[in-house]
Amino acid sequence: MPPGSSREDGVRRLSALFSKTLRDDPADAELASHRLLVRAGYIRRVAPGIFTWLPLGLDVLRRIEAVVREEMEAIGGQEVLFPALVPKEHYATTGRWETYGESLFRLRDRRGGDYLLAPTHEELFTNLVKGEASSYKDLPLILFQIQTKYRDEARPRAGVLRGREFLMKDSYSFDLDDEGLAGSYRRHREAYQRTFERLGLDYRIVSAVSGAMGGSASEEFLAPSDGGEDTYVSCPSCGYAANIEAAETAVPAASDPGDHPPIQILETPDAPTIATLLAAVRAAGIDVGASATLKNVAFTLHHPDGRTDGRTGGRTETLVVGIPGDRDVDLRRLEANVGGATVQPADLDGDDAPAGLVKGYIGPQGLGAEVRYVVDPLVVTGSEWVTGANQPGRHAAHVVMGRDFHPSGVLPAAEVRAGDPCARCGTGLELARGIEIGHIFQLGRKYTDAFALDVLGPDGKPQRVTMGSYGIGVSRAVAAIAEQSHDDKGLLWPAAVAPADVHVVAVGKGDQMAVATRLAEELEAAGRRVLFDDRGASPGVAFKDAELLGVPMILVVGKGLAGGVVEVRDRRAGTAAEVPVGEAVAFLAGGGGGPIR
RNA sequence: CGGGGAGUAGCGCAGCGGUAGCGCACCUGCUUUGGGAGCAGGAGGUCGCGGGUUCGAAUCCCGUCUCCCCGACCA
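Positions -19 to 577 (the working numbering) are the ones given, in order, by the first sequence.
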């Protein structure tokens, strides 16, 4: 008997349902999904980023979970369940006890042992497989779990969209070689496409940066939504799409660095910014725009280096990045491309300021060996710039890359803007926001190396296993669906995840309640999941709640009953049809009312 | 961590030196039933916490904690 049923007929009755709707919006909710999930009585907040699932919300969560599980099993995934509470040792092996930083919930047991609430389970999966799999015959292998995860987010937001406790499906593939890994990756990619289609989510697959996880190929599944936290670019012409952190844009052609006038030093007092610089060089007779200046921004990089012996480990370096002066640095993009290091703006005023860097007047030419100089891809060999002269009050013009300076590398650091040309076809890129609902990685051997995970090959020799890692945010998907699927009246659940198939409402003081009760029971017996508003509330309340709750079909037993008809409403389409009472159950159970359970 | 805002009933809010209030929700009774009903009665509060000023503090002062929003952060 489902929660909220008052009889053992399977019908879920609102009079007995624990969840209650709120007339007013909760004051702390900004996004529609958060507001509506709280108002409709699906979730309640316990602490920042920590929520209780009420009966209807739990129902939606479980429905999503079931779809995810089915699709994982369909590609041969085998379900396991790891503990959420794990001892430090497992994460110390890979250094993540340290490198995961402040987002890791750490705690201590009564004996002083360190534990953590797992934010992700690569280590445990790898270790488990090391203990259980010993032959190439055990591979390929896909294991998954649907588990509560913990991350001490700096700023949880928007209800279950970004919580500190959340439900996630994570799976891991173990293969003998790169080809096998590519196959496991592709199977996951296809399973994710099927999963999100079934969940009724609009999504985009975008190229991603693998970041601190290590590994190579990586794609994200983003649900387009203004409330999303990820920005991605997409090309309307060729279909290229990428997270902005991984976005590539067309770059200017390289040219011969020899074909330029010699460097000219300009006196530019009090011109430490691009705007003041432009005015100063104009006074010197050089009239250029901001895009012809080279802005050199200094950062301090902290490399954790996977240390396991203490918090103070790691290595620090000064990085100077050259980008066109008309653009800002995109710190997220830069950080996503520096291999797990943290990036902070360098302090050029303090006592520890790196030598040779003159604030406001940094140039790429003649920098000391103690700083690493790199350029954004937009800065190419043969390009000529107005830039700092590394002396207070002086800039240099006609500074040419490949002649006057030679960066040690290229790192994407400049902001990407709407309209920037697509790297593949040159069309102007579009920018949009999305919610990350899935992420697939080819991890490679980062974790199997750390744990020395080998199996014996057909030749009897040990072979290092290669891994993939794949996640779906199950609780986040509830918010993502709500975010994409609502109107001003309330939620609009896709049939596959709705907490019921039919919401039955009785309005009127005649036989309506009796007839509605009978229809609810018959519908339930016919395999429809029924939510029955048996409260006898006034019509306004009953209708508003039905719309707020978002069940796909609403059956109204009301004034039409006198004429022998009831009304069937399609919540999403906003349409309504009158159906003879005797045909109502067949109408709703006959395939037109959503999938059979 | 930086910037902004807020802590008063389950939810949304008012009150800003003189007995703790309103709307919704909740309980009882009667009426009402196609768009968040009406009447009558009722229950519910250490006004975030600590100190101070005052005859008297939700209200003024100092401190502190917490929460929300934006940014930083974030497989």
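Even for Gly, the Cβ is constructed at its ideal location relative to N, Cα and C.
DSSP, reduced to helix, strand and coil, places ALA522 within a helical segment of the structure shown. Listed in chain order, the beta strand (DSSP E) runs fully inside the stretch -2 to 45 are 23 to 27 and 30 to 33, counting runs of at least 3 residues. Rounded to whole angstroms, the gap between the alpha carbons of ALA263 and ALA278 is 27 Å. If one requires a minimum length of 3 residues, the beta strand (DSSP E) runs lying completely within the stretch 153 to 227 are 184 to 187, 198 to 204, 210 to 214 and 221 to 223, in chain order. Distance from SER(-5) to GLY139 at the Cβ level is roughly 27 Å; contact not present, criterion being Cβ atoms closer than 8 Å. SER235 carries a coil assignment under DSSP once its states are collapsed to helix, strand and coil. At least 8 Å separates the beta-carbon of ALA376 from that of ARG307. About 14 Å separates the beta carbon of GLY37 from that of GLU145, a gap too long to meet the 8 Å contact definition. In the three-state reduction of the DSSP assignment, TYR80 falls in the coil class, being assigned neither a helical nor a strand state. Burial check for ARG549: the Cβ neighbour count within 10 Å reaches 16 or more, so the residue is buried.
Linking PRO99 to GLY451 through their CA atoms gives a straight-line distance of about 12 Å. Judged by DSSP in its simplified three-state form, LEU528 adopts helix.
At a Cβ-Cβ threshold of 8 Å, ALA460 and SER151 do not count as neighbours. Nearest neighbour of ARG43 by Cα position, chosen from ARG509, ALA569 and GLY562, turns out to be ARG509.
One Cα belongs to HIS386, the other to ALA227, and the distance between them is close to 24 Å. ARG135 and LEU258 have their C-alpha atoms roughly 39 Å apart. For SER271, the secondary structure class from DSSP, reduced to helix, strand or coil, is helix. Taking all protein chains shown into account, PHE(-2) has fewer than 16 neighbouring C-beta atoms within 10 Å of its C-beta and is therefore exposed. For the 8 Å CB-CB criterion, TYR80 and LEU87 do not form a contact. Comparing alpha carbon positions, the residue from THR322, TYR220, GLU50 and PRO438 closest to TYR172 is GLU50. DSSP, read as helix, strand or coil, puts LEU246 in strand.
For GLY453, the three-state secondary structure derived from DSSP is strand. Here LEU347 really is in contact with VAL300; their C-beta atoms are around 7 Å apart, less than 8 Å.
Note that the C-beta distance between PRO372 and LEU274 is not below 8 Å. In this structure, ARG137 is the residue among ARG137, SER217, VAL380 and ARG425 with its C-alpha nearest to the C-alpha of GLU209. For THR229, the pairing in a beta bridge is given by DSSP as CYS402. DSSP links GLY302 through a beta bridge to ASN276 and VAL355.
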